[in-house]
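Trainee: Residue numbers (this note's numbering), protein chains in the order written: chain X, 463 to 925; chain D, 463 to 925; chain B, 463 to 925; chain P, 463 to 925.
Glycine included, each C-beta is placed from N, C-alpha and C at the ideal position.
Structure incoming, see below.
Protein chains: 4
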Amino acid sequence: MTDVVDEHTMRSVRPGPARPPASAPAPAATAEGYCRVRSVTEALAAPLGPEDQVVQSMPDASPTKWHRAHTTWFFEEFVLGPNAPGHRFVDDSYRYLFNSYYEAVGPRQPRPQRGMITRPDSRQVGEYRRRVDEAMGTALDAGDLPAEALALVELGLHHEQQHQELLLMDAKHLLAQSPLRPAYGPAGAPGRKRRRGDPAVAPVGWRGHDGGAVEVGHGGRGFAFDNEGPAHTQWLAPFELADRPVTCGEWLEFMADGGYERPELWLSDGWHLGRAEAWEAPLYWQRGVDGPPADRRVRGSGEWQVFTLGGLRPIDPTEPVVHVSYHEADAFARWSGARLPTEAEWEVLARDHWSPPARGHLPGLHPTPADSATDSATNSATNPLQLCGEVWQWTASAYLPYPGFRPAVGAVGEYNGKFMVSQHVLRGGCCATPPGHERVTYRNFFPPASRWAFSGLRLARDA
Amino acid sequence: MTDVVDEHTMRSVRPGPARPPASAPAPAATAEGYCRVRSVTEALAAPLGPEDQVVQSMPDASPTKWHRAHTTWFFEEFVLGPNAPGHRFVDDSYRYLFNSYYEAVGPRQPRPQRGMITRPDSRQVGEYRRRVDEAMGTALDAGDLPAEALALVELGLHHEQQHQELLLMDAKHLLAQSPLRPAYGPAGAPGRKRRRGDPAVAPVGWRGHDGGAVEVGHGGRGFAFDNEGPAHTQWLAPFELADRPVTCGEWLEFMADGGYERPELWLSDGWHLGRAEAWEAPLYWQRGVDGPPADRRVRGSGEWQVFTLGGLRPIDPTEPVVHVSYHEADAFARWSGARLPTEAEWEVLARDHWSPPARGHLPGLHPTPADSATDSATNSATNPLQLCGEVWQWTASAYLPYPGFRPAVGAVGEYNGKFMVSQHVLRGGCCATPPGHERVTYRNFFPPASRWAFSGLRLARDA
Amino acid sequence: MTDVVDEHTMRSVRPGPARPPASAPAPAATAEGYCRVRSVTEALAAPLGPEDQVVQSMPDASPTKWHRAHTTWFFEEFVLGPNAPGHRFVDDSYRYLFNSYYEAVGPRQPRPQRGMITRPDSRQVGEYRRRVDEAMGTALDAGDLPAEALALVELGLHHEQQHQELLLMDAKHLLAQSPLRPAYGPAGAPGRKRRRGDPAVAPVGWRGHDGGAVEVGHGGRGFAFDNEGPAHTQWLAPFELADRPVTCGEWLEFMADGGYERPELWLSDGWHLGRAEAWEAPLYWQRGVDGPPADRRVRGSGEWQVFTLGGLRPIDPTEPVVHVSYHEADAFARWSGARLPTEAEWEVLARDHWSPPARGHLPGLHPTPADSATDSATNSATNPLQLCGEVWQWTASAYLPYPGFRPAVGAVGEYNGKFMVSQHVLRGGCCATPPGHERVTYRNFFPPASRWAFSGLRLARDA
Amino acid sequence: MTDVVDEHTMRSVRPGPARPPASAPAPAATAEGYCRVRSVTEALAAPLGPEDQVVQSMPDASPTKWHRAHTTWFFEEFVLGPNAPGHRFVDDSYRYLFNSYYEAVGPRQPRPQRGMITRPDSRQVGEYRRRVDEAMGTALDAGDLPAEALALVELGLHHEQQHQELLLMDAKHLLAQSPLRPAYGPAGAPGRKRRRGDPAVAPVGWRGHDGGAVEVGHGGRGFAFDNEGPAHTQWLAPFELADRPVTCGEWLEFMADGGYERPELWLSDGWHLGRAEAWEAPLYWQRGVDGPPADRRVRGSGEWQVFTLGGLRPIDPTEPVVHVSYHEADAFARWSGARLPTEAEWEVLARDHWSPPARGHLPGLHPTPADSATDSATNSATNPLQLCGEVWQWTASAYLPYPGFRPAVGAVGEYNGKFMVSQHVLRGGCCATPPGHERVTYRNFFPPASRWAFSGLRLARDA
């Protein structure tokens, strides 16, 4: 990781290679590829103590220890069990404890009770990982895994990368519950060396598209999740997309204009939810309060601050806003006189500019300010349009199967398809997404009320 | 209403005109059109006593009395108030009590508390209706309402028709809460004169479409809700649609095959909801129990029965299944090796066969058995494909704005747009839909968990 | 009812006999006694329309119609069924619908669902009452009911009197849910003809007792509920009791002194409950808000008002405070440097002053101001110490069985005993208690969080 | 710990002194007394890893780490802060995090959120304890603490002993949530060496009392909590108490006789709660299920087992039953034709037989079988009547202030008094109660629905 990145953004947990690859490779089903992905998980867990790793902060989140074990379970259950002759399961109880939601595999620890599993402890989970990694290394080195098994290894590595991002999301949520607002990692230098008088982030620019019949979805070359295909035609009306995500500065304007108090800007569900939960800013924002120990529920009246994986810090108006729900994103878009893009609009425009930024091999902790890379942040050579690497971008599209969608055969067929209702698609990838995990066809998804993902937005409008 | 209909289906609350129009006209913003729609509401409320009209059986449902008053409020608030010089509101408190969800109009009685409004009583609500009707009649007869007001009258009549269907849905839900299972109206003759040995309903047939670029949405001629437009292009893959809805007999097969116990058939949300609420059949189905007074929560082990607006009766396997959630519809489709249609697929195919059945002027109480009209029920001249008039049909499409959608200006802009999230579209129209209210572009919508609408399904498959 | 009472308090629903008995007699198991009690129920229901009579405002409250039917069920189930040869139950379903909680009798409509019983309607319930009354009249006139049956008739009449008070409590709660705050009956003249400058209610006086071994509980002469006995010895330390209940004026002082905001005054449960439910005054108190239609949840900033069965009216500082929970009563007592009395303390002191006030045969709607009767209200000849007839008085005693308590044999053994946990005893009787129903040994009981009973308090202190 | 105890009961966590004192002394406010109590807490926490120590299994329970820190906070906040000149609080945030419920001290971490405090971690809490212990040792050795401070030290030690028992209760509850049912400590030898054919526990014997005026409550000699006084007179009717607690064998008979399915045996609240929570046995009992990993919610159909701090083991019919709610205890007593004793009955009879058993200095993990000590277990010389040391015994008495009760002055006045509502008193002491903590006047208290305390029962009856 170069000095520039180090000073300005501190996006990595720890120093990466001196010269990051132009673009991190996607995981490969080789011993080396396996080790590279698996080691990232352990590196991400390293700043968290045993206590941090076991607690579940809400039903939707999982303990770090559980993420570490569940990703291991995936390889043992789906690869080693059926394919490694004589493999003995490390512990039969783990097959129950660390199954996430695969009904076809058998019963499992209920999701809201994952935090009750104090044993095996973190150390034992480490041992679980080591023993499975050893068996996997042996099997991969031997080179005799059938193609279907290798496909499951590849899937397991992408699965593990997803959990790396979830691990950071969930750890952030947990740490935010503490009145002490402890940092996961070092806060690093301030987001930017901006001084009063520096020019603000440039106004948004718009990239147009003429619409018509377009091809979207993954066409079959290289790895993709089943939900990204099949490739198919959609018809689009002419549209324009913003050349960067919405910033915190713009969000402060929305707030100042009564954005959270004006029902006409909101979908009905969002309005009532926001009232019930007293939303007045994105998740993790709080007004400054004086003196420790602060009761996080006491509202101060000072400047807005944001809790990050590096601890509390002032709002940086040039950063992409993050941790907003679909409802907030939609309300902001309406306030702006714009709208959210559909996932097809996003994809066809993004395809022309797709170039994931060069980063170290570890996910980052915080979005990068818009002006940190070049003088024209929104069209930077290193991260054009900030399509990925900063914040996931809510789309107006519900998460539904593409025409002709068929889930994978077997238990892993439960991977994606059974969640295709009552959620919205997010596109791109965020600072916490492992490098190499992004794809232009990638379909992330969360319920419209969710805020704990690194979710922001990009505006669209009819041409 | 002809004898034939009368005997075989008893779909109407009371005898209609001897010769129903080939197709009921849509409401018109004239004194005569106004009276015709308004009188239907009162006819539908007539079988319900004051007690039946005031109780709210769940937060999603509203009391009959409230429906009667709210539809009246619409005309007073949006038409008379701004347009009838010197109009004095019948009672200022009604402006609060009977506002449904219009934030722009002002505060209102919270939805879950509508059942607490015991006063004004049913008689006073009748008086409210009479006084507003009188003022509306005067205004309409005078012929000097501006065009925008006349548009609101038209909207108000379609709005009232929607509430006529809701009134029946909600009354049914209320009556179903009583352990006595009282009938709203006369049970009528049995659904059909079928005897053992009669041929069952014909197997489903499939109507194909070649796909490609198609036009969908309302193009501007005649009344439509704002959410039906604008007309726009969509691209479809080739597909086929079933020529009739799924029947109760087919649903019994699904149940017999463990449909409610097999997680692989279900979306994850639906599976967990069904478990939590102990779904084992459509809403209002129950196994027979012996002897009054029956505790409705005690499961018997006898034949399946269904509670209808005419009381409890045996399942008729030839009727379209009704009162299933999106989750159940989706699981059934998966079990069938088929899928639900998208709303665009439904619309383009339905357009070619659109011919709402001739019926009396009152909504009906129960779907019509598939074989009641002709020997080829599924392609009947009187209700081709049973597209409307029987059951709403869940589609795979989330309820989202069409490209270029703009809500209406003013408070009525809240009519549809603000609900465009977390719901699915249903198409067609049902037995309880007022004749003349159906349109091929009509977009009904409910959350995927809803079961109290007259919701069924029609299968689709890739060609 | 004399003119004086009529003008000053309007405590009755309707004019009573010109000359009320000095003290109303307890119900007697005769045809005449039966009719007298039964007719009061119908008189109390009379101001409520069918809609008012069917709605259930919360799980703890019951619809008026249900009270009317359940009290009738008691006589049919326990007296006519076993004792009237050839009696045919009016409707078998009523045996299910109107059983309250008698497990020994059989299953029943769940309490929180009583409001779903729209049928039978109010008129049919009236018919039910008439038919049971006729059969009861016949049986009582015939004079051949066995002693046990006559005891059940007597119990049934006291039971009906309890429901008369519950009917008023529940109707008040229902009407208070309406933003219109409709009156159950005529508001009547203002509570008192007080003018600015009139003397306030006299300071509290104290009545002492030397303590030692005392006899408490019902000794067997005349009717009493099983929970009032057996008579037994308790040992008391010397104590003093206030000679009147706490007034609204004193409660306003408590509020002004931060009574609802000072945790040191409260039991822990009460403090957290009060915070969670935003208590800042007794139930039914609200600050004045401007202009109809008022959203009752919007706090105004004007004078405190109280919703009564006669509608909204200003607080009268001379009235006993009513509709406070045990928690509030306890906090007030602590604030006063006093405490609540035990039920034994209350009983031994009350026994010496027991003289229920002369009233008409109907319960009243509102407590009587302390100065309405004589110049020394707190020691009035007509209602000495306001022991009963105004507000129930919370005691420090948990509702537990007396030593040697044995519940009655048979289903009516469920009448009282099974509620003897997690409740506190209230003593006295209130304005809404039917005349003749009071006893010095009477043990009323409610959970400490309850506020919808006519519950106030009287202070005690160690001598 | 003698071999006998070791073999037969394994009641201690670890080997104690070779020769336990005849009766453990109550804590003393000396450096030595301080150290003895404080070291027990750490010994009890020792078998629990960092993960076990941080998780909160329900809102009523607290994490081990929190218990360790909160007991330390007590000394720092109430003793060192006001009395140790120049004392600097170890960490200001701890004053917020580890305050339990003292409103007078300031705001605090909400109880249900105690499990969110992953930092400070267990090691830091150990350091907190060491630093406070050092300062306390210095202050106690210096001998210049004022009498009030010494009284608070003594209170703090008794407070810490209470938390030692809570720590075991809460750890047990947490471990029971795991489907693995992990043991807190070694299971030890089976409860007893009983063989088929051995005599069962002897039938219960009865100890009578003539009643009359008795003195109860703590009279002022030696330490007692404020809620144990003042000593005062009560009047009792003649009664008898069982000479031992109810056993598991007797509980199995109750279950076999339909105890959990017969509403006539239950208080109404208990019946409905038991139905809602599907009670069919004491907490921690389960029927045997086959094969790991067991889903704890799946009921097997094998023999009843019980989860103990030593893991799952068969029910021992001679042990006192434990982990029953007040509702269950009351139902059992009714089924037995007996009742629960009042706390006064318990106290006056227990006073004559009071002799806490000789035990090591550590609390135990499980009740002792009735026949483990002598051939007449119920009247053993080492633990006569099993009054304490085995199970807390529910009494029929609500937890209310004694006549003349005055809470302590200052913040510690919140220690007991503010919980005096909606709870019932338990008497005696249990296996998990630290030796030396028992008193014949001790008033433990829990809500009637609580089951996670070591709560059993002893029968009483009228003489």
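Taking the straight line between their C-alpha atoms, what separation do you get for residue 686/D and residue 550/D?
Mentor: 31 Å
Trainee: Could you work out which residue in 572/X, 553/X, 499/X is closest to residue 523/X when comparing CA atoms only?
Mentor: 572/X
Trainee: Which residues of chain D have a Cβ atom closer than 7 Å to the Cβ of residue 773/B, listed in chain order?
Mentor: Those within 7 Å of residue 773/B in chain D number zero; the least Cβ separation is about 12 Å.
Trainee: Applying a beta-carbon distance threshold of less than 8 Å, which residues of chain B neighbour residue 675/P?
Mentor: 675, 697
Trainee: Could you give the uninterrupted runs of the alpha helix (DSSP H) lying entirely in the region 802-862 of chain D, keeping only those of 4 residues or more?
Mentor: 805-813
Trainee: Looking at C-beta atoms only, is the number of pairs between the region 896-914 of chain X and the region 874-887 of chain X that lie closer than 8 Å three or more?
Mentor: yes
Trainee: Using a Cβ-Cβ cut-off of 6 Å (strictly less than) and excluding sequence neighbours within five positions of residue 708/B, which residues of its own chain qualify?
Mentor: 783, 919
Trainee: Count the other C-beta atoms from every protein chain shown that fall within 10 angstroms of the C-beta of residue 822/D, then say buried if there are 16 or more, exposed otherwise.
Mentor: Buried, by the Cβ-count rule.
Trainee: Are the beta-carbon atoms belonging to residue 574/P and residue 525/P less than 8 Å from one another?
Mentor: no
Trainee: Going along the chain, which unbroken runs of the alpha helix (DSSP H) with 4 or more residues stay wholly within the region 561-616 of chain X?
Mentor: 584-604
Trainee: For residue 746/B and chain D, any beta-carbon pair shorter than 8 Å?
Mentor: no
Trainee: Using 8 Å as the threshold, is the C-beta distance between residue 567/X and residue 561/X below it?
Mentor: yes
Trainee: Buried or exposed, going by whether 16 or more other CB atoms sit within 10 Å of the CB of residue 803/D?
Mentor: Answer is buried; the Cβ neighbour count reaches 16.
Trainee: Is the CB of residue 562/X under 8 Å away from at least one CB in chain D?
Mentor: For residue 562/X, the answer is no, since every Cβ of chain D falls outside 8 Å of its Cβ.
Trainee: Name, going along the chain, the residues of the region 582-609 of chain P whose beta-carbon falls closer than 8 Å to a beta-carbon of chain X.
Mentor: 583, 584
Trainee: Quick one: give me the first and last residue of the alpha helix (DSSP H) that residue 559/X is part of.
Mentor: 554-559
Trainee: Using the Cα positions of residue 736/X and residue 827/B, report the straight-line distance between them to the nearest angstrom.
Mentor: 42 Å
Trainee: Sort 726/P, 904/P, 924/P by Cα distance to residue 800/P and report the nearest one.
Mentor: Relative to residue 800/P, the option among 726/P, 904/P, 924/P whose CA is nearest is 924/P.
Trainee: Roughly how many angstroms separate the alpha carbons of residue 713/D and residue 791/D, rounded to a whole number?
Mentor: 10 Å
Trainee: Alpha helix (DSSP H) containing residue 714/D: first to last residue?
Mentor: Per DSSP, residue 714/D is one residue of the alpha helix (DSSP H) stretching across 710-718.
Trainee: Do you know how far the Cα of residue 734/D is from the Cα of residue 927/X?
Mentor: Given that chain X is displayed from residue 463 to residue 925, the structure contains no residue 927/X and the question cannot be resolved.
Trainee: Since residue 688/X meets chain D, which of its residues come closer than 8 Å, beta carbon to beta carbon?
Mentor: Here the premise fails: no neighbours, minimum Cβ distance about 15 Å.
Trainee: Residue 695/P: which of 680/P, 675/P, 704/P sits nearest, CA to CA?
Mentor: 675/P
Trainee: Would you report the Cα separation of residue 748/P and residue 769/P, rounded to the nearest angstrom?
Mentor: 8 Å
Trainee: Run down chain P in chain order and give the residues with a C-beta less than 9 Å from the C-beta of residue 881/B.
Mentor: 729, 730, 731
Trainee: Just the C-alpha distance for residue 564/X and residue 876/X, rounded to the nearest angstrom, thanks.
Mentor: 6 Å
Trainee: So what's residue 536/P in DSSP terms, helix, strand or just coil?
Mentor: helix
Trainee: Give every residue of the same chain whose Cβ lies closer than 7 Å to the Cβ of residue 493/D, excluding the five residues on either side of it in the sequence, and list them in chain order.
Mentor: 599, 602, 603
Trainee: Is the CB-CB distance between residue 545/P and residue 617/P below 8 Å?
Mentor: no
Trainee: Put residue 906/X into one of helix, strand or coil per three-state DSSP.
Mentor: strand
Trainee: Within 8 Å of any Cβ in chain X, is that where the Cβ of residue 519/P sits?
Mentor: yes
Trainee: Can you tell me which of 773/D, 794/D, 779/D, 805/D puts its alpha carbon nearest to the alpha carbon of residue 742/D?
Mentor: 794/D
Trainee: Using the beta-carbon count (16 or more within 10 Å), is residue 902/D buried or exposed?
Mentor: buried
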